[in-house]
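In the numbering used here, the protein residues as written are 1 to 394. Data first, discussion second: the structure below is written as structure tokens.
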Amino acid sequence: MNLKALKQADYWIGSVLAILFTPLAWVARKLARRDHAPEVRGQLVVVKILGGGSLLIALPALLALRDRYPDTRITLLCSPAVKKFAELAGVFDDYAVISTDRAGGFLLSCLHILRMVFRADTIINFEMHSKLTSVFCLLTLARNRIGLTLSWNQWQNNLSTHSFFYNDSAPIYLAYFQIARALGGTIPSMEETARRFRARNGLEEAPPAPPDCPRPIVALAPYCSDLVPEREFSDAEWAVVLKTRHPEATGTVLVLGGPADKARAARTQAHLGAALPGWRVVDLAGKESLTGSARWLTMADELLTIDSGVNHIARLLPVPITSYWGPTDPYRRLAAFTDTTRETVLYRKCFCSPCVHTMDTAPCRGNNICMKQHIAPPDTRAAETGWLIRGDAS
Numbered sequence: 001m002n003l004k005a006l007k008q009a010d011y012w013i014g015s016v017l018a019i020l021f022t023p024l025a026w027v028a029r030k031l032a033r034r035d036h037a038p039e040v041r042g043q044l045v046v047v048k049i050l051g052g053g054s055l056l057i058a059l060p061a062l063l064a065l066r067d068r069y070p071d072t073r074i075t076l077l078c079s080p081a082v083k084k085f086a087e088l089a090g091v092f093d094d095y096a097v098i099s100t101d102r103a104g105g106f107l108l109s110c111l112h113i114l115r116m117v118f119r120a121d122t123i124i125n126f127e128m129h130s131k132l133t134s135v136f137c138l139l140t141l142a143r144n145r146i147g148l149t150l151s152w153n154q155w156q157n158n159l160s161t162h163s164f165f166y167n168d169s170a171p172i173y174l175a176y177f178q179i180a181r182a183l184g185g186t187i188p189s190m191e192e193t194a195r196r197f198r199a200r201n202g203l204e205e206a207p208p209a210p211p212d213c214p215r216p217i218v219a220l221a222p223y224c225s226d227l228v229p230e231r232e233f234s235d236a237e238w239a240v241v242l243k244t245r246h247p248e249a250t251g252t253v254l255v256l257g258g259p260a261d262k263a264r265a266a267r268t269q270a271h272l273g274a275a276l277p278g279w280r281v282v283d284l285a286g287k288e289s290l291t292g293s294a295r296w297l298t299m300a301d302e303l304l305t306i307d308s309g310v311n312h313i314a315r316l317l318p319v320p321i322t323s324y325w326g327p328t329d330p331y332r333r334l335a336a337f338t339d340t341t342r343e344t345v346l347y348r349k350c351f352c353s354p355c356v357h358t359m360d361t362a363p364c365r366g367n368n369i370c371m372k373q374h375i376a377p378p379d380t381r382a383a384e385t386g387w388l389i390r391g392d393a394s
């Protein structure tokens with residue numbers, strides 16, 4: 001099942017189930033009269049199906065819960081991709097991994113996971129945009145079911161025992177923090193979070209760079225998830241970025257990515273190799289674990305990245321970062337460090353940005369002027385005419 005199919009299933013099936021279960025949840029709440037005090041008394045389940053980078057955004061809140069409840073079993077309900085990021089976090093005792101490949105496997109894994117977490121004490125649903133996860137949390141019969149709610153996702157309010165207000169124009173990490181604080185946690189600083197992350201993964205010191213990788217070593221994180229691929233630059237645009245930021249005659253470019261990025265990483269390597277003849281371009285996509293990629297990052301002189309999961313790993317490492325933003329707003333995604341000199345965040349807001357979670361499909365349909373304006377002067381024609389979603393433009 002691709003992301004589009006998952007979103008359609010969540011909308012149609014989730015909507016029906018949310019409507020059916022809302023009155024049942026209300027009646028059960030009135031009859032059961034359970035003690036819903038906001039504290040963890042048994043198994044704690046965190047739900048984060050999509051977005052490994054988002055899980056690292058929540059890391060300070062997760063560490064706060066781990067510190068507050070050191071002997072509690074904390075389970076993460078996630079997809080295989082998110083599990084890889086979670087293993088770096090070092091917070092969870094076990095994982096309930098949901099299969100998203102096929103519809104049959106998806107249903108079977110849901111039943112298996114329901115048995116794993118049935119009657120857990122507390123379940124925190126970080127998937128605020130999903131109806132199916134809210135229904136699933138209800139079916140666990142957890143004593144406390146915690147979610148984030150605003151005007152367009154009232155199903156969270158109806159199916160949760162605790163609904164925390166989330167302002168979608170505010171940083172998302174503040175929403176995570178308020179849940180952790182309500183459960184008695186104390187949020188560590190970003191500096192402390194980064195220190196613990198490096199210690200957990202053996203990344204306190206950078207290993208020596210291979211002798212065949214001349215400096216400067218520039219790590220490149222050019223890929224993101226299927227959720228709004230308009231966040232990405234083209235290979236030609238990356239070549240412009242690299243030439244502008246690094247006019248040196250020689251150096252090394254490390255192309256980072258996961259197993260799903262292998263084919264396009266090979267194309268990126270070929271294009272950059274031709275555009276930067278004096279540079280060595282190393283394709284690491286799918287050839288390193290996330291920990292291995294993080295180790296390469298500690299050797300790098302700079303990371304050039306879009307809004308990607310790698311960016312959120314790098315922010316916890318002592319590597320200089322330059323990040324480029326368009327369809328997403330960095331204000332809503334990046335918690336501040338005390339030392340801001342290591343990170344350069346480039347975001348030029350245009351009339352249609354941010355569009356992620358506002359539209360299922362980016363209104364530009366690939367003509368990502370929000371990203372292109374980092375390379376060339378902005379296309380004012382789009383701002384003047386806007387994006388036609390439905391109808392005849394002629």
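Quick reminder that beta carbons are idealized off the backbone N, C-alpha and C, glycines included.
| If you pair each beta-carbon of the region 41-55 with each one of the region 65-74, do three or more pairs fall below 8 Å? | The region 41-55, when compared against the region 65-74, does touch it at the 8 Å Cβ threshold.
| query | What are the boundary residues of the beta strand (DSSP E) that Thr252 is part of? | reply | For Thr252, the enclosing beta strand (DSSP E) begins and ends at Gly251 to Val255.
| message | Tell me the residue span of the beta strand (DSSP E) that contains Cys78. | response | Where Cys78 is concerned, the enclosing beta strand (DSSP E) starts and stops at Ile74 to Cys78.
| said: Within a Cβ cutoff of 8 Å, which residues of the same chain sit near Lys83, ignoring the five residues on either side of it in sequence? | reply: So the list reads Leu76, Tyr95 and Val97, once near-sequence residues are dropped.
| request: Using alpha carbons as the reference points, say which of Trp387, Ala236, Ser225 and Thr244 lies closest to Ala260. | output: Per the Cα distances, Ser225.
| field | Cβ-Cβ separation, Ala300 to Val282 (assumed contact under 8 Å), whole Å | value | Under the criterion of beta carbons closer than 8 Å, Val282 and Ala300 do not qualify as touching, at roughly 11 Å.
| request: Whole angstroms is fine: what's the gap from Gly278's alpha carbon to Ile217's? | output: In a straight line, the C-alpha of Gly278 is about 13 Å away from that of Ile217.
| request: Measure the Cβ-Cβ separation of Val91 and Leu132 and say whether it is below 8 Å. | output: No. Outside cutoff.
| task | Tell me His162's beta-bridge partners as DSSP assigns them. | result | Within the DSSP bridge table, the entry for His162 names Ile146 as partners.
| field | Backbone CA spacing between Arg333 and Tyr173 [nearest angstrom] | value | If you take the alpha carbons of Arg333 and Tyr173, they lie about 7 Å apart.
| message | Could you check whether Val356 and Leu150 sit closer than 8 Å to each other, using their CB atoms as the reference points? | response | Going by C-beta atoms, Leu150 is not nearer than 8 Å to Val356.
| request: Note down, one range per segment and in chain order, each beta strand (DSSP E) of at least 3 residues found wholly within the region 67-144. | output: The region 67-144 contains these whole beta strand (DSSP E) runs: 74-78, 94-97 and 122-125.
| Host beta strand (DSSP E) of Lys48 (start-end) | Leu44 to Lys48 is the extent of the beta strand (DSSP E) around Lys48.
| query | Does the separation of the CB atoms of Gly309 and Phe85 fall below 8 Å? | reply | Taking 8 Å as the Cβ cut-off, Gly309 and Phe85 qualify as a contacting pair.
| task | Use the C-beta contact count for Ile19: other C-beta atoms within 10 angstroms, 16 or more gives buried, fewer gives exposed. | result | A residue is called buried once 16 or more other Cβ atoms fall within 10 Å of its Cβ, and Ile19, having fewer, is exposed.
| said: Distance check for Glu230 and Gly258, CA to CA, integer angstroms please. | reply: Their backbone Cα atoms lie some 18 Å apart in a straight line.
| message | Is it buried or exposed, Val135, if we count other Cβ atoms within 10 angstroms and call 16 or more buried? | response | Val135 comes out buried.
| request: May I ask you to report which of helix, strand or coil DSSP gives Ile375? | output: In this structure, DSSP gives Ile375 a state outside helix and strand, which the three-state scheme calls coil.
| message | What would DSSP say about Thr322, mapped onto helix, strand or coil? | response | Of the three classes helix, strand and coil, the one that applies to Thr322 here is strand, per DSSP.
| query | Is Asn311 closer than 8 Å to Ala219 when the C-beta atoms are compared? | reply | Cβ distance not < 8 Å, so Ala219 and Asn311 don't count as in contact.
| said: Can you give me the C-alpha to C-alpha distance between His246 and Thr305, rounded to a whole angstrom? | reply: Their Cα atoms are separated by approximately 15 Å.
| field | Cross-strand partners of Thr344 (DSSP beta bridge) | value | According to DSSP, which records beta bridges pairwise, Thr344 is partnered with Thr322.
| Counting Cβ pairs, one atom from each stretch, are 3 or more of them under 8 Å apart for the region 167-183 and the region 262-281? | No, the region 167-183 is not in contact with the region 262-281.
| request: Measuring alpha carbon to alpha carbon, tell me which of Leu6, Leu284 and Thr161 ends up nearest Leu138. | output: When each option's Cα is compared against that of Leu138, the closest is Thr161.
| message | Quick check on DSSP: helix, strand or coil for Ile217? | response | In the structure shown, Ile217 sits in a strand (DSSP, three-state: E or B).
| Unbroken beta strand (DSSP E) run spanning Leu303, endpoints | Segment Glu302 to Thr305, the beta strand (DSSP E) holding Leu303.
| message | Considering Cα atoms alone, identify which of Leu159, Leu65 and Pro80 is closest to Ala25. | response | Measuring from the Cα of Ala25, the nearest candidate turns out to be Leu159.
| field | Residues bridged to Trp279 (per DSSP) | value | BP columns for Trp279 point to Gly251.
| Arg143 versus Val40 - alpha carbon distance | Each residue's Cα considered, the two are about 9 Å apart.
| Quick one: Cα of Arg348 to Cα of Ser323, how far? | Inter-residue distance for Arg348 and Ser323 is about 12 Å (C-alpha atoms, whole angstroms).
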